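Numbering (the numbering used here), first residue to last: 1 to 340. The beta carbon of each residue, even a glycine, is placed where N, CA and C say it ideally should be. Note that the structure is a prediction, hence the values are computed from the model and not measured. Encoded as structure tokens, the structure appears first; notes follow it.
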């Protein structure tokens with residue numbers, strides 16, 4: 001959303017951590033002030049008071065830092081005189097690099113975000129629906145449990161690889177795995193409960209699970225990340241937010257390489273990967289395109305990333321249109337013939 005028509009009197013950059021908010025603030029083009037607030041409800045109230053002191057509009061930039069930025073972002077977005085932009089940390093870091101900054105401290109980060117607020121194109125942050133925020137919290141917990149389960153499986157394999165491991169150790173790891181499986185199943189059930197309590201999320205999940213390679217487990221994880229995005233975003237913007245957008249990379253070579261930017265949501269990329277592998281194996285349209293890519297010399301993992309990118313575009317279109325998968329949505333469009 002574009003900013004309001006009121007000219008901002010206050011610009012601020014906020015570097016967010018788990019315990020504190022470091023703020024660089026300038027009011028009416030005066031000297032830059034640096035302040036620190038607790039990242040807590042009480043600290044958020046003090047922050048709002050500082051940003052809205054003496055009235056006027058405030059333009060504020062903060063980094064998206066896991067879940068730590070969400071509470072202050074929700075508080076600031078509720079203030080009618082505060083215009084808030086939430087930026088990807090990598091975008092802020094590259095902005096700092098473009099200014100030849102090398103130091104890495106909280107105060108420098110806050111100052112960089114202040115300068116970002118003053119000179120970069122503006123995109124106002126809008127809070128996601130409560131159900132979407134709840135789902136994202138649950139699905140991220142589900143992803144963390146899955147990581148812990150994988151670590152336990154690796155421990156069990158390592159323990160079994162040697163005869164000197166006591167039976168007790170192996171039995172204890174197996175018991176942990178059983179408990180972890182129960183926790184994952186319960187978390188998956190809670191994610192589905194959150195989805196079914198929301199008609200909009202239910203329709204979105206139906207669209208996603210109509211796609212090849214996406215069952216309930218992957219569907220809720222992908223939905224948990226996509227449901228918090230503004231629905232007026234284009235498929236290209238969603239791809240960019242995932243970090244799957246290709247970026248040319250050239251260094252002392254006449255043959256530039258194209259790699260994904262990774263400037264975005266790694267959780268979304270992780271949830272899409274196995275779905276892309278499954279779809280490339282099982283769905284005729286996806287498999288045919290995958291074969292074309294590998295036939296042109298693309299490595300399998302490169303072709304899978306290309307499938308991920310196209311599946312994400314289709315997933316977003318299906319969610320926006322509230323419709324279900326058809327192969328034609330995935331197939332590349334035929335090139336328009338040139339007029340002689």
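A straight line joining the alpha-carbon of residue 25 with that of residue 128 spans about 26 Å.
Exclusion of the five residues before and after residue 290 leaves 280, 303 and 307 as the residues of its chain whose Cβ lies within less than 7 Å of its Cβ.
Take the alpha-carbon of residue 313 and the one of residue 236: they are about 7 Å apart. In the DSSP annotation of this structure, the continuous segment of the beta strand (DSSP E) that includes residue 35 starts and ends at 33–38. Boundaries of the beta strand (DSSP E) harbouring residue 57: 57–63, taken from the DSSP string. Minimum Cα-Cα distance from residue 11 among the listed residues 145, 20 and 28 corresponds to 28. Residue 311 is positioned such that its CB atom lies closer than 7 Å to that of residue 276. Rounded to whole angstroms, the Cβ separation of residue 64 and residue 39 is 14 Å, and the two are not in contact under 8 Å. Ranked by Cα distance from residue 75, the options 91, 51 and 55 are led by 51. With respect to residue 46, residue 72 sits apart: the two C-beta atoms are not nearer than 7 Å. Apart from sequence neighbours up to five positions away, the residues of its chain that approach residue 77 with a beta-carbon distance below 8 Å are 84, 125, 126 and 127, ordered along the chain.
Here the alpha carbons of residue 163 and residue 94 stand approximately 51 Å from one another. Nearest in C-alpha terms to residue 114, of all of 33, 150 and 165, is 33.
Counting every other CB atom within 10 Å of its CB across the protein chains shown gives residue 292 a total below 16, marking it as exposed. For residue 140, the enclosing alpha helix (DSSP H) starts and ends at 130–160.
Going by beta carbons, residue 220 and residue 136 fall outside the 7 Å limit.
Residue pairing by DSSP places residue 15 opposite 22 in a beta bridge. Taken through DSSP and simplified to helix, strand or coil, residue 206 comes out as helix. For the alpha helix (DSSP H) assignment, the uninterrupted runs of no fewer than 4 residues enclosed by the region 280–340 are, from N- to C-terminal side, 284–295, 300–321 and 327–330.
At a Cβ-Cβ threshold of 7 Å, residue 268 and residue 225 count as neighbours. Taking residue 282 as reference, the option from 212, 246, 266 and 309 with the minimal CA-CA separation is 212. Distance from the CA of residue 205 to the CA of residue 30, rounded to the nearest whole angstrom, comes to 50 Å.
Taken through DSSP and simplified to helix, strand or coil, residue 229 comes out as coil.
For residue 79, the secondary structure class from DSSP, reduced to helix, strand or coil, is coil. By the criterion of a C-beta distance shorter than 7 Å, residue 272 is surrounded in its chain by 222, 308, 311 and 312, once the five residues flanking it on both sides are discounted.
Beta bridge pairing from DSSP links residue 238 with no other residue.
Minimum Cα-Cα distance from residue 232 among the listed residues 259, 218, 198 and 320 corresponds to 320. Under the DSSP assignment, residue 7 falls outside any alpha helix (DSSP H); it carries neither an H nor an E label.
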